[in-house]
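Numbering (my numbering), first residue to last: 4 to 232.
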């Protein structure tokens with residue numbers, strides 16, 4: 004049976020991906036904390052910031068671990084994954100990235116993600132890179148964090164193209180079975196939506212504000228969107 008290791012397995016995308024992999028592979032889920040084990044699924048607690056993981060015997064590495072609040076960590080984690088995969092002779096490294104990186108380099112997180120892509124592309128490893136737009140679940144969580152009682156704060160001018168995390172997980176599972184393909188076509192949601200329209204559709208009082216966070220500025224003018232499906 005093929006052996007697959009997933010970094011960042013405890014995150015939203017990792018949790019959606021694991022059950023799609025276990026019918027076809029023996030899966031090691033890597034995270035800072037262990038999760039529930041199951042058939043063909045084992046958890047290995049490991050902090051990628053502290054050093055390379057053990058990839059002995061692993062055929063495919065799916066690198067999901069990321070931290071949007073501390074973008075410098077992404078490069079460190081990615082370097083450790085590369086080091087481990089090179090040492091183990093891994094046959095396939097699959098990296099989850101983000102649509103529109105080149106247009107959003109003013110945001111440190113997106114600049115770091117683009118550098119991670121470059122590190123992987125220069126590593127000589129058998130590689131697949133998938134870029135996706137933001138997840139619907141992320142959008143829901145963002146609006147939740149920006150809610151003050153009955154008042155919904157909304158960053159002005161933000162347009163996103165969300166898709167469910169499950170859709171990205173299904174695409175990753177397919178790519179893991181297909182083998183290295185380099186940069187594959189972007190995965191985008193079915194339509195672009197203005198964040199203030201989404202907030203108003205949910206009811207309640209909305210207050211558009213020019214919130215000066217780099218991520219919000221990066222999302223303006225449709226820069227985070229790809230072609231409409």
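All C-beta atoms in this analysis are idealised placements derived from N, C-alpha and C, irrespective of residue type, glycine included.
Alpha carbon to alpha carbon, how far is residue j from residue i? Give it in angstroms, no decimals.
i, j, result
"residue 196", "residue 227", "11 angstroms"
"residue 121", "residue 85", "12 angstroms"
"residue 204", "residue 18", "29 angstroms"
"residue 175", "residue 74", "23 angstroms"
"residue 10", "residue 158", "31 angstroms"
"residue 160", "residue 219", "9 angstroms"
"residue 165", "residue 189", "13 angstroms"
"residue 20", "residue 169", "7 angstroms"
"residue 230", "residue 179", "24 angstroms"
Within this structure, are the beta carbons of residue i and residue j separated by less than 9 angstroms?
i, j, result
"residue 62", "residue 25", "no"
"residue 45", "residue 30", "yes"
"residue 58", "residue 173", "no"
"residue 131", "residue 206", "no"
"residue 32", "residue 60", "no"
"residue 13", "residue 34", "yes"
With DSSP as the reference, identify every bridge partner of residue i, one or two as the case may be.
i, result
"residue 30", "7, 44"
"residue 185", "131"
"residue 197", "162"
"residue 209", "155"
Just to confirm the assignment: which complete beta strand (DSSP E) runs, minimum length 3, are found wholly within the region 132-175? 154-158
Counting beta carbon pairs with one atom in the region 106-115 and one in the region 141-148, are three or more of them shorter than 8 angstroms? no
Complete runs of the beta strand (DSSP E) confined to the region 53-132 [at least 3 residues]: 63-66, 95-101
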